[in-house]
Structure formats: structure tokens, C-alpha cells
Amino acid sequence: MDRRCVGGLLAGLFAVSSYAQAQVVADDACPKHAVDMAAYATCDGDKVATAHSFGLRHVMLAEGRVARDKQTSLGLYVDAVGAHLLKINAKDVFLVDVRSQLELVLAGQAPAVDIHVPYVEHTLYRNESGRGWTIAENDQFIEDLAQRLQQRGADIDALILVMCRSGERSARVVDRLAELGFLLAVNVIDGFEGDLGNDGRRSVNGWKNAGLEWTQDPQAIAGFVGLSTSN
């Protein structure tokens, strides 16, 4: 996706931070868009539809609405519904899931995801005191992610949506992508499962709670992460 076109898409359509507007600038090569319109044109004439039922608040979020531990150096944010809208309507958009393989198995996976690279890995254990999990960092994470992006044809002008469980790990990933020159890396701030509600459950927001497509089918998940289901 041409950076000027993305500039029209992000800076013209959505409320983004001042830093993002400085980095992603629309010019005369792209159509100008009014914030209250329901459909927008990119440079190649495709339509990027944002349904009235969702509203623009679901597409690009101002930094003031984002919790500090989910903020990034680039200041580009969407929620899960906004990520879905961008995936189905815009070109050169890549949805990256950085949750562990265990999270995919236990919580499910979104078929819309293009790339899965775990930022950390969780391993279940059980002993006389109960059960839990250990956490191990993926030392090759950024190298693996950069390689996968290259394999999918994503250059530094691609729009990269990063999703974890609830938006904190993905913020750190966005910062690392920015260091590599990916200045259109966007944090999906509510992630796949969403934030905790007052009842201690992740029932507030996120991909699953928004009613977007997801699966817990073992075969689908195994194929997605390259696991074997023969055991």
C-alpha cells in the first residue's frame, strides 16, 4: 500500500495522535476524506467501508482513549472491530497474532490472522499445589516476525495490525517493529480476549466478544501454528 494512500486513510479518516499525523501525511495524490462519511476511497479506487452500525470510533482511536500500558511510540491504535474492517476492506494489511501457542489452543484463533509468531511461550504444569504455567521469552521473536512479514510480501509501507490477548504485549511488539522501520504498525488495543470486567472475566471487549469469526477447532489451530494433532 502506498504510504501516501495510507496517509489519506489514517490521517484523513480517523482521529490519530499528532505524532502519527506527522508520520503519515496525506497529499494531493490521495482523495481527501471527511471524518463523518461512511465510505472512503483509496488511491486505487477501492472502497473502504465503515458501517454506521459500528461507527468511526471502532476504526482509529485517539491516544487519549488508550491505556498507558497499551500506548506505543507510533501512536496508532484500533480496536478489534476496527482491525476487522481494515482487514476486509483495505489492501496491504497484515494481521499479526503474537499470543503463545497455548493461548491459541485454550482461547481460540481468528481465521483472519495472517501471521502468528509468539512473543512469549506458555507451558502448562501440574503438581501437588495445583496447576499453572511458566512463561519463556521467544529470543528469536523479532527475527522470526521480520522473516514472516517478508515471506508474506509486507514491506515497511504495509499496514501491520498487531494483536495479543488484550493489547499490552502487542504494544511492545509495535515499538520493536517501529525500530525496524515499520512506521504503520498499529496496536489492536483490546486484543483477542479483551480486558477484564468487574467480574474478573474477559468479557468487556476484544475480538471474541465483538462477535468476530474465531475458532477453537484443534485441526484449524494445529495447521495455523504448525503443530501435530497425531498425539
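If you want our numbering, it's the 1-based position in the sequence shown plus 73.
Glycine included, every Cβ here is placed at the ideal spot set by N, Cα and C.
Remember, predicted model here, so these are calculated numbers, not experimental data.
TODO: Compute the Euclidean distance between the alpha carbons of residue 233 and residue 205, then round it to the nearest angstrom.
DONE: 32 Å
Open item on the list: Once DSSP output is grouped into helix, strand and coil, what is the label at residue 203?
Closed with: Strand, per DSSP.
Open item on the list: On the CB-based measure, 16 or more other CB atoms within 10 Å of its CB, does residue 117 come out buried or exposed?
Closed with: Residue placement at residue 117 cannot be trusted, given a pLDDT of 33 that sits under 50; the coordinates are not used to answer.
Open item on the list: Restricting to runs no shorter than 3 residues, where is the beta strand (DSSP E) found entirely within the segment 199 to 257?
Closed with: Runs of the beta strand (DSSP E) inside the segment 199 to 257: 203 to 210, 232 to 236.
Task: Contact under 8 Å by Cβ, residue 195 with residue 210 - done: no
Task: Neighbourhood of residue 287 by C-beta distance below 8 Å, restricted to the same chain and skipping five residues each side - done: Same-chain partners within the cutoff: 181, 182, 183, 184, 265, 280, 281.
- [ ] Could you tell me the distance, in whole angstroms, from the CA atom of residue 254 to the CA atom of residue 229?
- [x] 6 Å
- [ ] Look at the alpha carbon of residue 222 and the alpha carbon of residue 269, and state the distance between them as a whole number of angstroms.
- [x] C-alpha of residue 222 to C-alpha of residue 269: approximately 31 Å in a straight line.
- [ ] Would you mind reading off the limits of the alpha helix (DSSP H) that contains residue 42?
- [x] What the structure shows of the chain is the stretch from 74 to 304, and residue 42 is not part of that stretch, so it cannot be assessed.
Task: Beta-carbon contacts of residue 208 that lie in its chain and below 7 Å, excluding the five residues immediately before and after - done: 193, 195
Task: Where the beta strand (DSSP E) through residue 166 begins and ends - done: 166 to 170
- [ ] Please report how far the alpha carbon of residue 252 lies from the alpha carbon of residue 216, in whole angstroms.
- [x] 13 Å
Open item on the list: With a threshold of 6 Å on Cβ separation, who are the neighbours of residue 227 within its own chain once the five nearest residues in sequence on each side are excluded?
Closed with: 167
Task: 8 Å CB neighbourhood of residue 276 in its chain, flanking five on each side removed - done: Apart from the 5 residues on each side of it in sequence, residue 276 sits with its Cβ closer than 8 Å to the Cβ of 267, 270, 282 in its chain, given in chain order.
Task: Alpha carbon of residue 294 to alpha carbon of residue 189, nearest angstrom - done: Those two C-alpha atoms are separated by around 11 Å.
Open item on the list: Cutting at 6 Å between CB atoms, please list the residues of its own chain near residue 214, excluding the five before and the five after it.
Closed with: Here the set comprises 192.
Task: residue 148, enclosing alpha helix (DSSP H) - first and last residue - done: Run containing residue 148: none; DSSP gives neither H nor E here.
Task: As assigned by DSSP and simplified to three states, the class of residue 259 - done: Assigned with DSSP and collapsed to three states, residue 259 falls in strand.
Task: Straight-line Cα distance separating residue 231 from residue 257 - done: Answer to the nearest angstrom: the Cα atoms are 7 Å apart.
Open item on the list: Is the separation between the beta-carbon of residue 262 and that of residue 142 shorter than 8 Å?
Closed with: no
- [ ] Please name the residue, chosen from 155, 250, 297, that lies closest to residue 220 on a Cα-to-Cα basis.
- [x] 250
Task: Check: residue 157 C-beta below 7 Å from any heavy atom of the ligand NAP - done: In the structure shown, the ligand NAP is absent, as is every other ligand, since no ligand is present at all.
- [ ] Please say whether residue 136 and residue 155 have beta carbons closer to each other than 8 Å?
- [x] The Cβ atoms of residue 155 and residue 136 lie no closer than 8 Å to each other.
Open item on the list: Between residue 150 and residue 278, how many whole angstroms is the CB-CB distance? I'm expecting something under 8 Å.
Closed with: With a Cβ gap of about 13 Å, residue 150 and residue 278 do not count as contacting.
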